[in-house]
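Encoded as structure tokens, the structure appears first; notes follow it.
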Amino acid sequence: MNKEFLIKTAEKLSQPSAAAATEFSEKAEGMAVLINNRFKKRSDLNMLIGEGNLDMMMDNHRNHMRFLTSVFKHFEPEVLVETVLWVFRAYRSHGFKLTYWPAQLDAWVEIFKTELSPSAYAEIYPFYDWMIIHNPIFAKVSDELLSGPPEFKH
Numbered sequence: 822m823n824k825e826f827l828i829k830t831a832e833k834l835s836q837p838s839a840a841a842a843t844e845f846s847e848k849a850e851g852m853a854v855l856i857n858n859r860f861k862k863r864s865d866l867n868m869l870i871g872e873g874n875l876d877m878m879m880d881n882h883r884n885h886m887r888f889l890t891s892v893f894k895h896f897e898p899e900v901l902v903e904t905v906l907w908v909f910r911a912y913r914s915h916g917f918k919l920t921y922w923p924a925q926l927d928a929w930v931e932i933f934k935t936e937l938s939p940s941a942y943a944e945i946y947p948f949y950d951w952m953i954i955h956n957p958i959f960a961k962v963s964d965e966l967l968s969g970p971p972e973f974k975h
């Protein structure tokens, strides 16, 4: 399983309606505040994000909402996959652990259940379900990209 596999699976997702995308956009900032407050209270936070990465994590959550707002308005599977892979590489290089992403995605889903209307949730959730299901593949592919091409391995 590779990046092309991830793109093929992402192509099966349906772009949310304009109404769902607008609702998500309007509530994005508040939901980012909720997840940041939730994560700041976690006793295992440093095990998830590494020492000294609180501000980076909070920025990631705000950027996550901005990016997904864009995805929900103009869905392009390849952009989604490339961006998630970039995030995995960039944040892991700063000390974030693989366990951070399932914890983050699960927390988003919990927040969406209470903050989004049932109809918007039904259209947004498949993207998060897809990211949760494919998290191990994103980890594998990002590991391969982090280690570089075979000719550069020692």
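Just so it is clear: in the sequence shown, position 108 is 929 by this note's numbering, and no numbers are missing.
Built from N, CA and C at the ideal position, the CB exists for glycine as well.
In this structure, A849 lies near T890, with their beta-carbon atoms less than 8 Å apart.
In this structure E825 is exposed. Its beta-carbon is surrounded by fewer than 16 other beta-carbon atoms within 10 angstroms. Of the residues H915, I945 and F959, the one whose Cα lies closest to the Cα of G871 is H915. The beta carbon of F896 lies closer than 6 Å to those of Q836 in the same chain, with the five residues before and after it left out. In this structure, L966 sits away from K918, with a CB-CB distance that is not shorter than 8 Å. Setting aside the 5 residues that flank it on each side, N874 is surrounded in the same chain by H915, G916 and F917, each with a C-beta closer than 7 Å to its C-beta; the list follows chain order. Per DSSP, the unbroken alpha helix (DSSP H) holding P898 starts and ends at P898 to R913. Per DSSP, reduced to three states, the secondary structure at H882 is helical.
Residue burial annotation: M886 is buried, with at least 16 other C-beta atoms found within 10 angstroms of its C-beta. Spatial neighbours of P947 in its own chain (CB-CB distance under 8 Å, excluding positions within 5 residues in sequence) are listed in chain order as L834 and S835. The distance from the Cβ of S938 to that of E847 is about 11 Å, inconsistent with a contact at the 8 Å cut-off. In the three-state DSSP reduction, L869 falls in the helix class (H, G or I). The alpha carbon of D880 has as its nearest neighbour, out of A853, N867 and N956, the alpha carbon of A853. Out of Y942, W907 and K934, the CA that lies nearest to the CA of K961 is found in W907.
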